[in-house]
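Protein chains in written order, with my numbering: chain A, 21 to 227; chain B, 56 to 174.
Laid out in structure tokens, this is it:
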């Protein structure tokens, strides 16, 4: 076998746990880094692993994740730090899992943009069909709120917008009248994004 | 209590309140999948929302599995156990390996080698 510095001294390795390995296992090093999990991944010849090709490990902020977890468990329950970090990684895995399934379906149907249906279908296929109905409801509420924001009844936000939002994406800009200091009225076209975390794009045209 | 024209600001902030994860970060993660070109707004929203549901689902399921113990704390091993025993979370087994003692690992390795030698 290869000459990994194998030590049977568990105290040196700082390993906890009483479990026998079933299929996959990791030896956790003393400093508590869980990157060993990533390395052992690359050693597996296991196919279907999109995670082998992940360029960076992008995670959602741990504070947000922890808050959701906290609200999900009973009030008196506590959550260990390594559990929070772990769920953070699981979340990225989940997103990639759903996305690659949805993307595949998209390609099969010769489309370039992943839409809502692809996501819902992917969830159903991958065993998360219990999410589908609640999600449809949320989407409905979200769309209605977006309509309200734009002030244009009947604007369908569900069109396939490319994720690079350009000014063309908002064909019905809000109109605002502004009365300037010298009493003249100017019409202002305001392009806004209300749901994204990206900075607001504004263009002001003077008619 | 219901108005014909509810305050638009209220609706929008309500919509915002329904999400507690940063959508832009979710999009980043989605884009890191190979062969993904563009993502429609609905898809982005649905994925973000689904992720919240997923966190709740995973946390609660794992917590309930650990209820036999006294500490009332959700920890890594609960999550690993859930990934292994619950079909829905099987896809997580690669990133949630169970931790074992080194000597047990070596013992298992020896056993595996012995078995292979028999073929």
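Note that CB positions come from ideal geometry on N, CA and C, so glycine has one too.
- Excluding five sequence positions before and after residue 79(A), the CB atoms of its chain that fall closer than 6 Å to its own CB belong to 108, 112, given in chain order.
- Neighbours of residue 167(B) in chain A, taken as residues at a C-beta separation under 7 Å, are lacking, since the least C-beta distance is about 10 Å.
- Cβ-Cβ separation between residue 141(B) and residue 116(B): approximately 6 Å, consistent with a contact (criterion under 8 Å).
- Contact annotation, residue 146(B) with residue 129(B): C-beta distance approximately 20 Å; criterion of less than 8 Å not satisfied.
- The criterion of a C-beta distance shorter than 8 Å is satisfied by residue 114(A) and residue 106(B).
- Residue 88(A) is not a Cβ neighbour of residue 101(B), given a cutoff of 8 Å.
- Not a single CB atom of chain B sits nearer than 8 Å to the CB of residue 153(A).
- CA-CA distance, residue 96(B) to residue 135(A), rounds to 8 Å.
- Residue burial is scored here from C-beta neighbours: residue 121(B) has at least 16 other C-beta atoms within 10 angstroms and is therefore classed as buried.
- Annotated three-state conformation of residue 155(A) is helix, per DSSP.
- Identification of chain B residues near residue 83(A) by a Cβ-Cβ cut-off of 8 Å yields none; the smallest Cβ-Cβ distance measures about 10 Å.
- Remark: C-beta atoms of residue 152(B) and residue 81(A) do not approach each other more closely than 8 Å.
- Between residue 119(A) and residue 85(B), the C-beta gap is smaller than 8 Å, which places the two residues in contact.
- Following the DSSP letters along the chain, one finds residue 118(A) inside the alpha helix (DSSP H) bounded by residues 101–128.
- Against chain B, a Cβ distance below 8 Å from residue 96(A) picks out 127.
- When only Cα atoms are considered, residue 146(A) and residue 143(B) end up about 8 Å apart.
- According to DSSP, residue pairing for residue 133(A) in a beta bridge involves 93(B).
- By the C-beta density criterion, residue 104(B) is buried, having at least 16 other C-beta atoms within 10 angstroms.
- Nearest C-alpha to residue 137(B) among 114(B), 99(B), 157(B): 114(B).
- For residue 119(A), the closest Cβ of chain B is nearer than 8 Å.
- Taking 8 Å as the CB threshold, residue 125(A) stays off the interface with chain B.
- For the options 132(B), 135(B), 109(B), the alpha carbon positioned closest to that of residue 91(A) is the one of 109(B).
- By the Cβ-count criterion, residue 83(A) is exposed, with fewer than 16 other Cβ atoms from all chains shown falling within 10 Å of its own Cβ.
- Where residue 84(B) is concerned, the enclosing alpha helix (DSSP H) starts and stops at 78–86.
- The beta-carbon of residue 132(A) is placed less than 8 Å from the nearest beta-carbon of chain B.
- Taken through DSSP and simplified to helix, strand or coil, residue 151(B) comes out as coil.
- In this structure residue 133(B) is buried. Its beta-carbon is surrounded by 16 or more other beta-carbon atoms within 10 angstroms.
- A Cβ-Cβ separation of about 19 Å leaves residue 91(B) out of contact with residue 144(A) under the 8 Å criterion.
- Between residue 131(B) and residue 165(A) the beta-carbon gap is near 38 Å, outside 8 Å, which marks them as no contact.
- By alpha-carbon distance to residue 117(A), the top candidate from 127(B), 87(B), 75(B) is 87(B).
- Counting other Cβ atoms within 10 Å of its Cβ, residue 86(A) reaches 16 or more and is therefore classed as buried.
- A residue is called buried once 16 or more other Cβ atoms fall within 10 Å of its Cβ, and residue 135(B) is buried on that count.
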